[in-house]
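Engineer:
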Amino acid sequence: MDELSNPYSPGAGLRPAALVGRDSEIRTWTVALERMEKERTARSIVLTGLRGVGKTVLLGEFQRIGQRRNWITAMVEAGTGQPLRTALAQALYPELTDLAKPSAGERIKKALRTFSNFTVKVDETGTWSFGLDLSDQPDAGANTGNLELDLGQLGRDLSAAAAEGGHGLALLVDEAQDLRDDELTALCALAHQAGQRGWPLIVGLAGLPSLPRVLSEAKSYSERLFTFHLIGKLDPVAAHEALTEPAGQEDVEWTDDAVQYVVEETGGYPYFLQEYGQATWNVADGPSLDLADARLGASVGQNHLDTGFYRSRWERATPAQRAYLRAMAPDGEGPSSSSEVARRLGKTPTKLGPARDALIKKGLIYAPEHGQIAFTVPRMADFIDRQLQP
Ligand SMILES: Nc1ncnc2c1ncn2[C@@H]1O[C@H](COP(=O)(O)OP(=O)(O)OP(=O)(O)O)[C@@H](O)[C@H]1O
Ligand SMILES: [Mg+2]
């Protein structure tokens, strides 16, 4: 059928036509914002899960919910090589420009001054200025160079400015397992201060399943600061909707056996559902999507995954790292024991340490527990089994 009207959206962080199965996380987030608007406290939120389950999409949804409620929001991605300070400044600037009017209240002007201080060391060319004279505002610091202190001041003043209108400040960080130690510590300290002092400020973090451990290594009290939500595959009912709703919006129907087939083949993984859904649509003659279309779509979809999603990751690994991944594959979805992987390769775990660490840094594997290792990509083991060549 017509590719132009294809309603599926396989890709990184691409909002699906039907965002299904995440009601509980969306409710937790919404209630947290509502509580803060009523000057009550709420915990910050951590989303964790494997690749392609929909963490970025959900974090984006959190931002939209904040924006609809007129919160000041910033969403950034860690691990891009840009320091958190710069990334936050870049994301907050457009939000603050909207507030920067000559008629702005004192708290807003104070917040703008603090923001300018916060960015002064990373903004030599004065990109993030507001065209307002803020020199009569008290100097609120935020320019010591110590991220924890500076972010604390910025969080205090921006949330106070937002509170003037009955709103708050939401800072969202994707791929948070890639934050530097001082950045993780600063965000934990910020969430802690906000809770203690009653600032309307919430932090939303998304990352791989290793994130809770990374956080507790940064601040031992982190498990009390956040509520943790494991984002996984969609249950069969939600997976069904993920396929039928987008088509329904285009007045196209799936036959029951076709939906069931794709739901089963994808195991309910959001990214796979989008990929198979898109391929099924493209191969079908219409007017509905039937089992024959679904079967063909699934094989085209799988091929797309192999040549894109999996292969791009496989190719980021060196030969030694691929050997490590291959030695994990017999355990399927895992986890594998690191010592068993070493035994399969005829080496000691210490000898394999560098390959293992490099694969963790590349985000291809993670350590669920001490002495264990698992793929971050669902069904990576099946892909490896399909490879005939190293
Ligand atoms: N709740 C959902 N319902 C249907 N499709 C979804 C849902 N969440 C995400 N998707 C789809 O799944 C794919 C992956 O989403 P996303 O990029 O947010 O995953 P991710 O967990 O951030 O992955 P990664 O770890 O690789 O960054 C996208 O194509 C998106 O449209
Ligand atoms: Mg993502």
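Read in order, the letters of the sequence shown are residues -8 to 381 in this note's numbering.
Built from N, CA and C at the ideal position, the CB exists for glycine as well.
From a predicted model like this one, the values you see are computed outputs, not experimental measurements.
#1: Measuring straight from C-alpha to C-alpha, what distance separates A238 and R317?
#2: Per the DSSP calculation, Q251 is bridged to which residue(s)?
#3: Verify whether the separation of the beta carbon atoms of E16 and L38 is less than 8 Å.
#4: Throw me the rounded Cβ distance for the E30 and G143 pair, which I believe falls under 8 Å.
#5: For ligand 2, any of its heavy atoms closer than 7 Å to the Cβ of A69?
#6: So what does H220 bridge to, in DSSP terms?
#7: Tell me where the alpha helix (DSSP H) around F263 begins and ends.
#8: For the beta strand (DSSP E) containing L65, list its first residue and its last residue.
#9: Out of K46, M(-8), A78 and S120, which one is the CA nearest neighbour of K224?
#10: Provide the residue span of the alpha helix (DSSP H) that contains Q363, from first to last.
#11: Just to check, is the beta-carbon of Y301 closer than 7 Å to a non-hydrogen atom of ligand 1?
#12: Is the CB-CB distance between S213 and C179 below 8 Å?
#13: So L280 and A249 are in contact, right, with Cβ under 8 Å, and what is the actual spacing, rounded?
#14: Say whether the region 288 to 306 touches the region 267 to 279, bearing in mind that this needs 3 or more beta-carbon pairs closer than 8 Å, one atom from each stretch.
#15: Check whether the Cβ of D169 sits closer than 7 Å to any heavy atom of ligand 2, and report yes or no.
#16: Identify every run of the beta strand (DSSP E) within the region 147 to 208, keeping only runs that are complete inside it and at least 3 residues long; order them along the chain.
#17: Could you pull out every residue in the same chain whose Cβ sits closer than 7 Å to the Cβ of P326, ignoring the five residues on either side in sequence?
#18: So what does DSSP say about L280, is it helix, strand or coil?
#19: Please confirm whether any heavy atom of ligand 2 lies closer than 7 Å to the CB of G323.
#20: Just reading off the alpha helix (DSSP H) that L79 is part of, what are its end residues?
#21: Do A346 and A311 have their C-beta atoms within less than 8 Å of each other?
#22: Secondary structure at W245, three-state DSSP: helix, strand or coil?
#23: Tell me, to the nearest whole angstrom, how far the beta carbon of E174 is from that of L138; I am working on the premise that it is less than 8 Å.
#24: Where E25 and L296 are concerned, what is the direct C-alpha to C-alpha distance, given to the nearest angstrom?
#25: Rounding to the nearest angstrom, what Cα-Cα distance links K342 and T309 in this structure?
#26: If we count the other Cβ atoms within 10 Å of its Cβ and call it buried at 16 or more, is L(-5) buried or exposed?
#27: Does the Cβ of G195 lie closer than 7 Å to at least one heavy atom of ligand 2?
Structural biologist: According to the structure data:
#1: 38 Å
#2: Its beta-bridge partners do not exist; DSSP assigns none.
#3: yes
#4: The Cβ separation is near 20 Å, so there is no contact.
#5: no
#6: L38
#7: P261 to V274
#8: Residue identity differs from the one stated: residue 65 is Ala in this sequence, not Leu. Here the beta strand (DSSP E) through A65 covers I63 to E68.
#9: K46
#10: That residue, Q363, is in no alpha helix (DSSP H); its beta strand (DSSP E) goes Q363 to F366.
#11: no
#12: yes
#13: 5 Å
#14: yes
#15: no
#16: 160 to 165 and 192 to 198
#17: P359, Q363, I364 and A365
#18: strand
#19: no
#20: L75 to L90
#21: yes
#22: strand
#23: 6 Å
#24: 40 Å
#25: 16 Å
#26: exposed
#27: no
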